[in-house]
Each structure stands twice: as structure tokens, then as C-alpha cells.
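**Q** Sharing a structure, written as C-alpha cells. Questions coming.
Number of protein chains: 2
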Amino acid sequence: MARLPEYLRALHNLAETGNETVSSEGLANAAGVNSAKLRKDLSHLGSYGTRGVGYDVALLIEQIEYVLGLTQRRAVALVGVGNLGHALAGYDGFASRGFRIAALLDADPARVGEEIHGMVVRHVDELPQVAAEESIAIGVIATPASAAQRVADQLVAVGVTSILNFAPCVLSVPDGVDVRKVDLAIELQILSFHEHRKASLTGLPGTGGSALTALPGGLVVTEGQEAIGT
Amino acid sequence: MARLPEYLRALHNLAETGNETVSSEGLANAAGVNSAKLRKDLSHLGSYGTRGVGYDVALLIEQIEYVLGLTQRRAVALVGVGNLGHALAGYDGFASRGFRIAALLDADPARVGEEIHGMVVRHVDELPQVAAEESIAIGVIATPASAAQRVADQLVAVGVTSILNFAPCVLSVPDGVDVRKVDLAIELQILSFHEHRKASLTGLPGTGGSALTALPGGLVVTEGQEAIGT
DNA sequence: CGCGATTTGTGCACGTCTTCACAAGCGCCT
DNA sequence: AGGCGCTTGTGAAGACGTGCACAAATCGCG
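The listed protein sequences derive, respectively, from chains A and B. Position one of the first sequence corresponds to residue -9 (our numbering), numbered consecutively onward. Position one of the second sequence corresponds to residue -9 (our numbering), numbered consecutively onward.
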């Protein structure tokens, strides 16, 4: 489940504040989800809480970390050290949660050799050597969209089976390779959509429960009432 | 729908390569989704394509941009100019897609006054003045988790109703305020989970279709077979 | 003018996710 | 030892999203 990392973070917070056990409702609040959903998720793991008491925080952390495969520190190769790549290279949230940036790579010869956060940028064509030096578990693509597919192919060629893609484009990869995409601009556009929706609702008070937003060409769009679950 | 921005990006690509119309299948491929799903999404908008031909690219772009509220250029306030904030301030994907970073803010007095990408950092307590100067539509939080809730409260206080949160914590905001969260470490952890799953499957060839991954305490977790839809 | 090729829009069925509600179990207090 | 309150785990119902498959509609060509 995609919610496990969120639970894990909440659990670490609870552990730091000295909690030994936590109820499903307490953890659900800390993670921002429904308590029933959380219990079902945890029961799916097979993890046991004790009825009447709750979950053992330390034990639960251990279990979730094992399921997520965080018991081994995974090596990450970061390709593209532009604006975003720079920030990712220095992002301490990676190191603190079991990931180690093992290599910085870029296709621009002008950037090769540059030192970023104590690590030297190497050329992306050196990927085979890098992969030979240490087993790369995950590749992160922070290049422009035009280079992303090429980089993905290179990552796949050296055996990387998990890719985190920040480039605004769809990657085609063979079966067995997992790709997750993060597009910062898309997040803003979704927020913009909600802004637009809210503005339409307050601006057209007569439309009531089923608001209709007129489109330029005379077309209409029917929108939900309160909580749009995007 | 959360997929509209993805369609929009694909449409812009198509427009640049000179396409005037596009079929649902063509656009679906470019956006990485099923063609039936795309058609259903678009029909939900009320947008009309022409049967036998496809969708008019320019018209569709116009419609989607309107629905997303991108016809007006929205002002974004970015709070927290650390590693990530720096990168976001310089991320050209924002400007190119209708967003304008209207203010950079930080709570650290040492950072106030610094110039980043041609913009001066102001103190976060100046938020009311900033909001008075121009209408802030969206707030972006790129602070440490410990400061995020406080910043969120300040944003809400000046009337911001959409927040993009990069801090690894859950924000509590009043009804009517939309929050989207992006946690880069969580994305990596999800990939780590998939890596772990794949490793377990190949390492335990006898378990067959319903693989059981033994947990440290003798507990077991049942995992799906191929595509885990996280 | 008519026909076939092509593509949209959508009814329907299926699987997944979510939520409620409650029985089962555990610990504590008397 | 017994009962009481609290919490987990889960069955069932409902909402939701997804994808197939096909009818309706439009264009181009003969």
C-alpha cells in the first residue's frame, strides 16, 4: 500500500515523543486517514496490535520498515543536476529515511566534475561503471523532458528496475520496471482547478447544489458538490 | 479530474509538432492512459470531439485550460527557500504553465534579503503585506516539518485557500482550504517496496503465484501477483 | 447520393477501495 | 475471580473507478 510510508513517518514522530503504544485512532489522526482504513491496512500486513491497548510503536516500525524493504540502505543514482537535481542531491529527507545517493550524473560536459554536497558529478555515459561499482537500486531522473526517455533507457540497460521520474513526460519501459512520476507543475494545476471551482461557486450563488460552470463555447461541465476527491 | 493536467501537457506537445486533431487513442498513448478512460474524462467535461475525426487540439487545450482555471495567471507565494525552495523558485515549469512566483518568504532572518533568481526574499511575517500587494492564489510550503503548520496557519490567515505542502507532515486546515502534499521520500519508499517485492519473488521461486514474505516475528504478509496498484 | 471506414460517447459489468458497525479479545480494577 | 471498558480485527454494504464493447455519428470516396 502507498500509505505505509505515511504511517511510518507518523510512527517515528510518536516514538520520538516517547510513546510506546498507539491506538489505531491516534495513529490514524497523525497520518491523516480514517481509523478503520488504517486498521485494515495493518491487518493486511499481518501485524498484530493488542485489543484494548493498541499497537506497539517500536514493533510496528520494525514491521513496516521490513515490508518496505528499508532494512537495507538502498543506493540511488540521480541523473540531472540542474535546478531540481541540485536540491534533490542535498535533500536530507533521503538520507534520514534509508536512502543513499550513490552517484550524481549529468549529460552536460560542463557540469561533469562539479562537486555538489561533497559528491562529484560524473557523465551519464559512465552509468555502467557506476552500476558495476555498487548495486544501484533506484534511478531518479531530474532532467529536461527531452532527455528523460534516453536516460530511462540507459538506467534500464544497467539493470535498474525502479525509476522516479521528475521530467514532465511519460516514460516507456519494459515490463518489470516500476516508474513513479512526480510533476510539480501538475500539482499546482490541480490546486488551480480547485481555486477555479471555488471561485465559480461563490461567484454564481444561484446555481445551488449542482453547480454548472459555463465554458467558453457554450458547453457546460457538471461538477460535484463539496469534496472533489482528486 | 487529476488527469487533466497530463492531457494538457500531451496536447501542448501535439500542438507543437503541428497536429491539428488527435484521436482519443493517440492522445491516450501520449498521456499514458487507456483510451476509454480518456474519452470518459473528456465527455465529463462536456467537450465534444467529432466522431470519425477526433478532437481539435487547439479547442481542447482551450477548454481544459479554462476548466483548470489557467486562463488567469495565478500568483504563488513560496515559503521556505532552503534546498528545495531554491529549486522551486527557479523551476521554469511553473512559469511556462501559467503560474507566477509572486513572493519568496522565509522565517530565517539570515535568508531575508537574499536575492534568488531575481527575486528578493522577504520575511514570512510580511505575508499580510505581500497578500495586500497582490492576490495570492496558492501557497507553497517548502519549510522543515516543524515550521509547516505555523506557515500554513499564516497562509490561511491571509486568505490563501490552496496549499502545496512539501513538508513531511500532515497539515490541519479549516474546511474550504485545499492541501496537496508531495513527499519526495515517500515516493522513494514506495519504489523501495516494489524492489523488495521483486527481490522476494525471484528469491523464493517455490512460493508460486501467491507469494508469502516471511516477516521477522514469524508473521506473514500476502502480496498480490503482478501489478500492485499503488 | 450512398456506403464504408473510422472514431466518439456511453451503458454495463467487474473489481477495488472505503466506511460503518459490531463481535471478539485483552487488560485493569475491584 | 469476575466484570467492565477499551481497542482491534473483520464482515458487509456502498461508492467509486476502470475497461470492454457497441451503437451513434461523421467524413471521404466512388
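All residues carry an ideal CB built from backbone N, CA and C; glycine is no exception. Keep in mind it's a predicted model, so treat the numbers as computed, not measured.
Note down, in chain order, every chain B residue with its Cβ under 9 Å from the Cβ of R63(A).
**A** Ordered by position in chain B, no residue passes the 9 Å Cβ test against R63(A), which lies about 10 Å from the chain.
**Q** So, using beta-carbon positions, are I176(A) and I153(A) closer together than 9 Å?
**A** For the pair I176(A) and I153(A), the CB atoms are not nearer than the 9 Å cut-off.
**Q** Just to make sure I have the definition right: I need the residues of chain A whose C-beta is within less than 9 Å of the C-beta of Q139(B). Which are they?
**A** By Cβ distance, chain A contributes nothing, its closest Cβ being about 12 Å from Q139(B), past 9 Å.
**Q** Check whether the Cβ of E10(A) lies closer than 9 Å to any Cβ atom in chain B.
**A** No - not a single Cβ of chain B is within 9 Å of the one on E10(A).
**Q** Contact defined as beta carbons within less than 8 Å: I believe L28(B) pairs with S37(B). What is the distance between those atoms, to the nearest angstrom?
**A** Taking 8 Å as the upper bound for CB-CB distance, L28(B) and S37(B) are not in contact here, some 11 Å apart.
**Q** Given a cut-off of 9 Å on the beta-carbon distance, is the pair Q179(A) and R63(B) in contact?
**A** no
**Q** DSSP beta-bridge partners for R221(A)?
**A** Beyond the ends of chain A as shown, which are -9 and 220, falls residue 221(A); an answer cannot be given.
**Q** Can the beta-carbon of Q139(B) be found closer than 9 Å to that of L117(B)?
**A** Cβ atoms of Q139(B) and L117(B): not closer than 9 Å.
**Q** Counting pairs of Cβ atoms below 8 Å between the stretch 155 to 164 of chain A and the stretch 98 to 115 of chain A, do you hit three or more?
**A** no
**Q** Taking CB distances under 9 Å as the criterion, tell me whether A127(B) reaches chain A.
**A** yes
**Q** Which residues in the same chain have their Cβ closer than 7 Å to the Cβ of T151(B), if we skip the five residues on either side of it in sequence?
**A** G166, V167 and D168
**Q** Just to confirm my understanding: we take R170(B), look at its own chain, exclude 5 residues before and 5 after, and list those with CB closer than 6 Å. What are they?
**A** L154
**Q** Please tell me whether V110(B) and R90(B) are closer than 9 Å, where the distance is taken between their beta carbons.
**A** no
**Q** Check G233(A) in the structure and name its three-state DSSP category.
**A** Outside the shown range of chain A (-9 to 220) lies residue 233(A), about which nothing can therefore be said.
**Q** Give the secondary structure of L28(B) by DSSP, where H, G and I count as helix, E and B as strand, and everything else as coil.
**A** helix
**Q** Any chance the stretch 43 to 62 of chain A sits against the stretch 1 to 18 of chain A, with 3 or more Cβ pairs inside 8 Å?
**A** Judged by Cβ distances under 8 Å, the stretch 43 to 62 of chain A makes contact with the stretch 1 to 18 of chain A, as three or more pairs qualify.
**Q** How many angstroms separate the CA atom of V69(A) from the CA atom of G75(A)?
**A** 7 Å
**Q** Taking Cβ positions, are H113(B) and I51(B) nearer each other than 9 Å?
**A** no
**Q** Which residues in chain A sit within 8 Å of D143(B), going by Cβ to Cβ distance?
**A** Under the 8 Å cutoff, chain A gives no residues; its nearest Cβ is about 17 Å from D143(B).
**Q** Can you check whether the CB of A93(B) is closer than 9 Å to the CB of I126(B)?
**A** yes
**Q** According to DSSP, is D115(A) part of a helix, a strand, or is it coil?
**A** Look at D115(A) here: in three-state DSSP terms it is helix.
**Q** Could you check whether H186(A) and L35(B) sit closer than 9 Å to each other, using their CB atoms as the reference points?
**A** no
**Q** Quick check on DSSP: helix, strand or coil for T40(A)?
**A** strand
**Q** State yes or no: is the C-beta of T133(A) within less than 9 Å of the C-beta of V141(A)?
**A** yes
**Q** Y81(A) touches chain B at which residues, Cβ-Cβ below 9 Å?
**A** Chain B residues near Y81(A): N73, L74, L174 and A175.
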